[in-house]
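Beneath this line is the structure, given in C-alpha cells, with notes to follow.
There are 2 protein chains.
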Amino acid sequence: MSAFVVPGWPLRGGVAGSRRSRALYPHHGSAGLLRRRAFPRCTAGDVRGSYTVGRRLPSETPPPLPVPTDYVLISETAEWRRLVEHASEIDRLHLRELMQDVDRVRSLRAEYDGIYLDYSRQRVTKDTIELLFALARRARLVDKIRAMQSGAHINVTERRAVLHTALRAERNASLVVDGTDVVRDVWRVLDHVREFSERVRSGEHRGATGKPLRSVIAVGIGGSYLGPDFVHEAFRTDPEAFEAARGRHLHFLSNVDPVDIKRCTQDLSAEETLIVIVSKSFTTAETLLNARAMREWLWSEMGRSDEVVRLHMVACSSNVPMVEKFGIDPRNTFEFWDWVGGRYSVCSAVGALPLSIQYGFPTFLRFLEGARSVDANFYDVASPLAGNLPVIMGLLGVWNLSFLGYKSRALHPYAEALLKFPAHIQQVDMESNGKHVTLRGDDVDYAVGEIDFGEPGTNGQHSFFQLLHMGQTVPCDFIGFIESQYPLCIEGEPVSNADELMANFFAQPDALAYGKTAAECRAEGRPEWLIPHLVTTGNRPSLTLLLQRLDPYATGQLLALYEHRTAVQGFIWDINSFDQWGVELGKVLAKRVRKQLNESRYFGRPISEEFNASTRDLMERYLRGQVGCVFNEPFDYHRDTDTGRSPL
Amino acid sequence: MSAFVVPGWPLRGGVAGSRRSRALYPHHGSAGLLRRRAFPRCTAGDVRGSYTVGRRLPSETPPPLPVPTDYVLISETAEWRRLVEHASEIDRLHLRELMQDVDRVRSLRAEYDGIYLDYSRQRVTKDTIELLFALARRARLVDKIRAMQSGAHINVTERRAVLHTALRAERNASLVVDGTDVVRDVWRVLDHVREFSERVRSGEHRGATGKPLRSVIAVGIGGSYLGPDFVHEAFRTDPEAFEAARGRHLHFLSNVDPVDIKRCTQDLSAEETLIVIVSKSFTTAETLLNARAMREWLWSEMGRSDEVVRLHMVACSSNVPMVEKFGIDPRNTFEFWDWVGGRYSVCSAVGALPLSIQYGFPTFLRFLEGARSVDANFYDVASPLAGNLPVIMGLLGVWNLSFLGYKSRALHPYAEALLKFPAHIQQVDMESNGKHVTLRGDDVDYAVGEIDFGEPGTNGQHSFFQLLHMGQTVPCDFIGFIESQYPLCIEGEPVSNADELMANFFAQPDALAYGKTAAECRAEGRPEWLIPHLVTTGNRPSLTLLLQRLDPYATGQLLALYEHRTAVQGFIWDINSFDQWGVELGKVLAKRVRKQLNESRYFGRPISEEFNASTRDLMERYLRGQVGCVFNEPFDYHRDTDTGRSPL
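In order, the protein sequences belong to chains P and A. The opening residue of the first sequence carries number 1 in the working numbering; numbering runs sequentially from there. The opening residue of the second sequence carries number 1001 in the working numbering; numbering runs sequentially from there.
Put into C-alpha cells, the structure is as follows:
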C-alpha cells in the first residue's frame, strides 16, 4: 500500500510551482515559462498571499495511509531526468528515419487477444521504451496496479476503492473489500438486470395501460450517459445486436435544457415507454429535474397515479430511500457502489439496464467479457510490461505530454459505429487526469492532463486533419477493424467500401509521420511559389490498433483499454485519477445564481452585489426576458427548504 | 490589394524557423523551445537538408500580386513586440482583481443586433485591447476585410475569391467578380432551390412509384455535411421549423464506412426518399462511393432504371458533365462556386437544398438573414472596431494563442439544439488556420491554429470541466439564450428548467475566473489534508455571448460570427485561411494503398516494398481477413483506368 502517498504531510518547503525548472525543461529555461505555461500557476506572491497551495498547517486528521520516507515528486527522480535528456536526443530524429529501421519497427508492437497494437510511429526508440519502463518501476506502477485490483482505497481523497473492473469479474471470482464480497454484489445486480430486462422484452412487465414497453429513455448526465450512449451506438449495427433490438428504441436524456426533453419524447408514446433514472446519489440536479419532467409527461398521458410511476419508472442508484420517496418501486432499483466512479460506470447497472433491455442481456454479457479480457492483460503485472497494452499506451501518453509537450491528443476510430467513443474517452481521460496536485497535495510541476478529442474516420480527415498535418502536433490513435459489420462491394469499384475506409486508415499515419519535403514537391513539378504551402513537416506521432471486428466483445476490450491507459498515466504522475473536486465550485456558484434568479423573478428582489458587475448586468438582461411558463406557486427560499435538489 | 503579399519572392535570408526567438518569447528563452514546440519544425540541418522550407529557388512564375516593399513577418513588428511585453504584465494580474474594476468590466463588452458579447473575463485590460487594435492596424486588417468583401482573390494559393458572404447577400445587391455578378448567380440558385423544394414538399415532384418524397438523405462529407447537420439540429426544435418539418425526415450520410449507409437507410423506404449528392467537383471519393451505394439501394428497391435515378437523385455540384454522366438530371443540379470553400458552404445549395426541403425555404431564408446581419457588422470597417464583434473575438483569439500560449479553446453552447455547432466550428477553424506558412510562403515563427472542441452545456460540465477548472487553461466561449424554445416549469422547483440551465451558464465563467483559495476552503471547515485538492487557481479566461432566443435567424448570426472570427485571426497571422493543401498527402497515399489492396486481394500480388515494414505487416494482417463480399469482376488497374474516382 505504500505505493500510495497521502495528502497531509508538510511539504518539503516552498510552493512547488516556484521551483525553477532546471533540468526539467532544459529547452524551456527560466521561471518565466512557469508563469506563461498553460497552468495559470499563482505563486505565493500573487493575490496578496491568499493562495497557499503548498504552504499549509500541519495536518489535524491522521493521514489515511503511511508515507514512505523517501518521497519525492516523480519529476525529481533520476529516471525522469534521464527521460528529459533523452527527449533532446529524440528531437534530432525524424520518423522518416526511424521508420526505416525494420528491427525497431518490428519490436514496437504488442498483441493481446485479437488486439494488435503498433506504436512504431511514436517518436521513440527502443531505448525510450526502456527508460519509460524504468520510470514505471520508480513510480511503483506495478504496486499501484495491484493495489487497485485488490480494492485498496486508492481514491485517497474520497477514501474509496476503485473497482470498475469488478463490475465485469467472472461470477465465480471473489473479491472482499471492507468485509464484503463485491463480486457477489455485482452478480446479484446483474442477475436482477437480466431478470428485469427479460420481463420487459417479453412483455411480461407491461405499462399502466397494459402495453408492452418498447422504448426506453435513460435519464442521466455525464458518466451516467456518455458511456452507455457510446456503447449503444457501437452495438446498434452489430448484426446480432441489431436483430435483438428490432422494434425497440433507446434514447438518452441528459441535458437540463428542456429542448432535450422535447427531442427525446416527440416521437414516443408514454404508454410504451420505460424511464430509467440514473444517479448514484439520486440528487444530481439535472437528472432529478429531468426525472420530474418525465414523471409529468407520463402523468400527462396516463393520469396522475402512483401505479404509472411504479410501472414506468425504474432507477439505477444507491440511494434507495430517495428513490422510494420519488415513487419508484424499491424492488426496481438497481444498485451501484461507491467504488464505481461515474465516468467508469458503464459496466454497472448504469449501462447494463438500458442496454440489456434494448439488446438483450447476452449482448451486454459479451461486452463485459471483452472488458474483462483487457482487465486480465492490465492486471497481469507478473508478465513483462512490454506485453501489457494499457501500460504501453499509458507510458506513451506520459512521454508525449510531459516530455514532448504535446498538450492534446486525438482519437480516430475508423468505424462509424464508434462515433461516440471519442466523447466518452474525452470524459474518462480529462475528468480523471485534469488535476494539479499529487496524491499528497503537492502542486505538480510537470504537465499532466491532455485535451482529448476526435471524430470517426474518414470524417475527421475532411474536418480538422489539415491542422494535424500542418499545424500543432497532436498525437493520434487510429483504431481499425479487419472485418466490416456490413461488407459492401459495388461493381466497378477497385475495392469494397470497407477497404476504401481502411485504405485511408493505413495511409494517414504514414502521411503524418513522413510529411512531404520541398524536394518531393518540386519533383512533382509543382510551381515554386506554391511549394511552401505544400510542404508538411511530418514527424507527427500516432499509434495504430487493429482488431478483428467490431462486436460487443471488442467494444468492451476498447473501453477497458482506454480506461486503464488513463489509470496508468495517473499512477505515473502520482495524481488521483478517480476524484473530481474541480466541479464543486461551479455547482456551488450555480446554486447561488439559481436562488437569485428565483428571488428576482418571483419576488422582485434586486441582484445581489456579491455578483460582479458583468454577471449582474448579464443576469439583469436575462431576467428582462420572458420565462415563458408559470408556477402556480413560486418556490419561496425563505419558507421552503432547498436541499440542493429534493426529489419531491 | 497590397494588404496581401504573395508567395514567391525570395526570403530575406535563412530558414524562418531557425530565427532565435529573442523578444518574441522572453519567458521561453532559447532556440530549444523551437525544437520542443508543438510545431515539429525541421530546421535545415535535419533530414540531411532535404527540407528546404524557406530556402527556395527564385520564382519562375510571376507572382499573382505585387509585394509591398516593407514586408516583414507580423511577429517582427513593434506592435507585436509590445504585446509580448504586455503579456508579462498581464501575467502578474489575476481575474479576481480585474473583475473588481467596474469601469473595466463595463467597457469590455459590445452589442450588435441582439447579440451581447461580454469579454470582461478575458485576461486583458483596456490597454490590451488598444494594443490589439494597433496590431490590427499594422496587419492591415481593415484592408484585408475590404479585399475579402470585394471579391479579390485573397485565397492566393488557389487563386480564388472568398465570398461565402455573397451567398447571403440581399437579392438587390450586386457584386461583380471576374466579370460576373455573383449575387445574381446566388439568387438564381436560391430561386431554383425554393422552386424545387416546394415541388418536393407539396408532392408535385414524386418518386418513381408515384409516392411523395418524405425523406431526404444528403450525401456529403466534411464541409458538405458538418454545416448542414449543425443547422438541421439547430432548426429541429424551433417551434415554427418543427411544424414545417412535420412528417419529414432528413439524414446525413457522410462516412465511407458502410455502417453509415446501414444506419441511414434502415428505417427508410426508398420509394419515399430523395437523395442529394453534395460534392463540388463530383469526385470526392467517399461521396461518390456512397452515391453509388445509394443508387444501388434505390435500384434494389425499385428496379434498375434511369428514371429511378432521375426522380430520386439530385446534386449540389459545379461539375454538371460528371453529374449528368452519373444519371442525375442536369436540371436538378444546384450549383455552387469556386469562391465557396467546403467548410464555408452551408449557406450555398449544400445547405439550402436539404434544409429547405425539410423545413421550407422561408426557414432557410431567415437563417441567411441572420448571417447577413453579422456580415454587415464584420464588413462595417468604417465604424470603430470596438463595435465589430468578429474582430474583437478574432483579436482575443490571437491574444490567447500567440501571446498567452493557450493551445486549445472550447465552445460551450448552452442549448441542446446547438449540439453539433462545436463540431462544425472545429472544422471551420482548424481546417482554416491549421497552417504553418504565411501567404508569402515563410514559416510562421509564432503559434497559429488552435485546437477547438466543445459540448453543449450543461453536459460538458459533467464531462471535461474538471480539467478546465484544475488542469490546462483552455479559454472558453459560453453561448446562451434569454428565451427558451421550450419553457418548462415543474411545480415545486425553485426555477424553470431553462433558468436551471442558465444558472449554470452564469456561474461557470466566474468559477473559472475566480477559482478558490486555500483560505476559502479553510473557512468552510474543510480538512487540511484535502485542501490542496480543492484549490483551483482560477484566472481562466472566457467570453460570454447572450442572444435573445435560438431561432433560424440567431443560428445564422452565430455561424457568421464564428466564420469571421476565424478570418480575422488568419488575417492577423498572415496565413491563408481558405486553402487546405495539408490533406493532399493523405489522399495520395490512400490512393496507393487502395491500389495495393486491390492487387493483393484480387490478383495475389505481394505488398510492395515501398510501404514500410509496419504498414506492410498491418496490411498483411488486414488482408488475411475476409472481405465479406465479392465482385463479379474485380477491377483491374492494368486494364481499367482508375481516375481517382470515376462516377460510373
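Glycine is no exception: its CB is placed at the ideal position from the N, C-alpha and C atoms. Here the structure is a predicted model, which is why all the values come from computation and not from measurement.
> Are L250 (chain P) and H232 (chain P) touching if we call contact CB-CB under 9 Å?
Replying inline: Closer than 9 Å, so yes.
>> Just to make sure I have the definition right: I need the residues of chain P whose C-beta is within less than 8 Å of the C-beta of K1516 (chain A). Which are they?
In response: The answer, in chain order, is L585.
> Any idea which residues DSSP pairs R1248 (chain A) with across the strands?
Replying inline: R1248 (chain A) is not bridged to any residue.
>> Could you give the first and the last residue of the continuous alpha helix (DSSP H) run that contains Y1553 (chain A)?
In response: Counting along the chain, the alpha helix (DSSP H) containing Y1553 (chain A) begins and ends at P1552 to W1573.
> According to DSSP, is I1490 (chain A) helix, strand or coil?
Replying inline: Of the three classes helix, strand and coil, the one that applies to I1490 (chain A) here is coil, per DSSP.
>> Quick check: what's the CA-CA separation for R304 (chain P) versus L268 (chain P)?
In response: Those two C-alpha atoms are separated by around 19 Å.
> Closest Cβ-Cβ distance between Y379 (chain P) and chain A: below 9 Å?
Replying inline: For Y379 (chain P), the closest Cβ of chain A is not nearer than 9 Å.
> Buried or exposed: where does P1422 (chain A) fall if 16 or more other Cβ atoms within 10 Å of its Cβ makes it buried?
Replying inline: By the neighbour-count rule (16 or more Cβ atoms within 10 Å), P1422 (chain A) is buried.
> So which residues of chain A does Y446 (chain P) contact, with C-beta pairs closer than 9 Å?
Replying inline: Chain A residues near Y446 (chain P): none, gap ~13 Å exceeds 9 Å.
> In chain order, what residues of the same chain lie with their CB nearer than 8 Å to the CB of I1451 (chain A), ignoring the 5 residues before and after it?
Replying inline: For I1451 (chain A), where only same-chain residues beyond five positions count, the Cβ hits under 8 Å are K1407, S1408, R1409 and M1430.
>> Output needed for H1469 (chain A): all residues of its chain with C-beta closer than 6 Å, excluding positions within five of it in sequence on either side, in chain order.
In response: So the qualifying residues of the chain are T1536.
>> Against chain A, which members of the region 204–219 of chain P pass a CB distance test of less than 8 Å?
In response: Interface annotation for the region 204–219 of chain P against chain A: empty, criterion Cβ-Cβ distance under 8 Å.
> Under 7 Å Cβ-Cβ, which residues of chain D neighbour R1106 (chain A)?
Replying inline: Annotation note: the requested chain D is absent from the structure, which comprises protein chains P and A.
> Which residues of chain P have a Cβ atom closer than 9 Å to the Cβ of R1621 (chain A), listed in chain order?
Replying inline: In chain order, Y116, I482 and L546 make up the part of chain P whose C-beta sits under 9 Å from the C-beta of R1621 (chain A).
> Does A415 (chain P) get closer than 9 Å to chain A when you measure Cβ to Cβ?
Replying inline: Contact with chain A is found for A415 (chain P), since one of that chain's Cβ atoms lies less than 9 Å from the residue's Cβ.
> Just the Cα atoms here: how many angstroms apart are H1638 (chain A) and D1617 (chain A)?
Replying inline: Between H1638 (chain A) and D1617 (chain A), the C-alpha separation is close to 25 Å.
> Can you list, in chain order, the residues of its chain whose CB lies under 8 Å from that of L419 (chain P), leaving out five sequence neighbours each side?
Replying inline: The residues are E233, P413, E455 and P456.
> Could you give the C-beta distance for I1217 (chain A) and T1287 (chain A), rounded to a whole number, given that I count them as a contact under 8 Å?
Replying inline: 12 Å between Cβ atoms; not a contact.
>> Quick check on this structure: which residue in P:T273, P:N290, P:W337 and P:H94 has the alpha carbon closest to the alpha carbon of R184 (chain P)?
In response: Measuring from the Cα of R184 (chain P), the nearest candidate turns out to be P:W337.
>> Using a Cβ-Cβ cutoff of 8 Å, what residues of the region 491–508 of chain P are near chain A? List them in chain order.
In response: From the region 491–508 of chain P, only E491, G492, E493, P494, V495, S496, N497, A498, D499, E500, L501, M502, A503, N504, F506, A507 and Q508 have a Cβ closer than 8 Å to chain A.
> From this set, P:H153, P:G247 and P:F481, which residue's C-alpha is nearest N497 (chain P)'s C-alpha?
Replying inline: Selected option, being the one with the closest Cα: P:F481.
> Along chain P, in chain order, which residues have C-beta atoms closer than 9 Å to that of H1407 (chain A)?
Replying inline: The sequence shown places Lys at residue 1407 (chain A), not His. Going along chain P in sequence order, the residues near K1407 (chain A) (Cβ under 9 Å) are A38, K407, S408, I451 and Q472.
> How many angstroms separate the CA atom of N377 (chain P) from the CA atom of D1260 (chain A)?
Replying inline: Cα to Cα, the separation comes out at about 32 Å.
> K516 (chain P) bridges to which residues according to DSSP?
Replying inline: For K516 (chain P), which the question treats as bridged, DSSP gives the partners P:T536.
> Where does Q1485 (chain A) fall in DSSP's three states?
Replying inline: Coil, per DSSP.
>> Here's a check: name, in chain order, each residue in its chain whose Cβ is nearer than 6 Å to the Cβ of I1357 (chain A), leaving out the five neighbours to either side.
In response: Closer than 6 Å at the Cβ level, and outside the excluded window around I1357 (chain A), lie S1197, V1200 and V1216.
> Would P494 (chain P) pass as a contact of V1627 (chain A) if the rule is Cβ separation under 9 Å?
Replying inline: No, the Cβ-Cβ distance between P494 (chain P) and V1627 (chain A) is not below 9 Å.
>> Can you tell me whether N1172 (chain A) is buried or exposed? The criterion is at least 16 other CB atoms within 10 Å of its CB, across all chains shown.
In response: Its Cβ having fewer than 16 others within 10 Å, N1172 (chain A) is exposed.
> Looking at the unbroken alpha helix (DSSP H) that takes in V102 (chain P), where does it start and where does it end?
Replying inline: V102 to S107 is the span of the alpha helix (DSSP H), which, as asked, contains V102 (chain P).
> Under the three-state reduction of DSSP, which class applies to L34 (chain P): helix, strand or coil?
Replying inline: Model confidence at L34 (chain P) stands at a pLDDT of 29, short of 50, so the residue's coordinates are unreliable and nothing is read from them.
> What does DSSP give as the partner residues of V1216 (chain A) in its beta bridges?
Replying inline: Beta-bridge pairing links V1216 (chain A) to A:L1250 and A:L1274.
> Given that a residue counts as buried once 16 or more other Cβ atoms are within 10 Å of its Cβ, and exposed if not, what is G342 (chain P)?
Replying inline: So G342 (chain P) ends up on the buried side.
>> Does D636 (chain P) pass the burial test, meaning 16 or more other C-beta atoms within 10 Å, or should it be called exposed?
In response: Exposed: under 16 other Cβ atoms inside 10 Å.
>> Only counting the same chain, and skipping five residues up and downstream in sequence, which positions put a Cβ closer than 6 Å to that of E633 (chain P)?
In response: Excluding sequence neighbours, E633 (chain P) sits near nothing in its chain.
> D1640 (chain A): buried (16+ other C-beta within 10 angstroms of its C-beta) or exposed?
Replying inline: Exposed, because fewer than 16 other Cβ atoms sit within 10 Å of the Cβ of D1640 (chain A).
> Do you know how far the Cα of Q1557 (chain A) is from the Cα of S1373 (chain A)?
Replying inline: Each residue's alpha carbon lies about 7 Å from the other.
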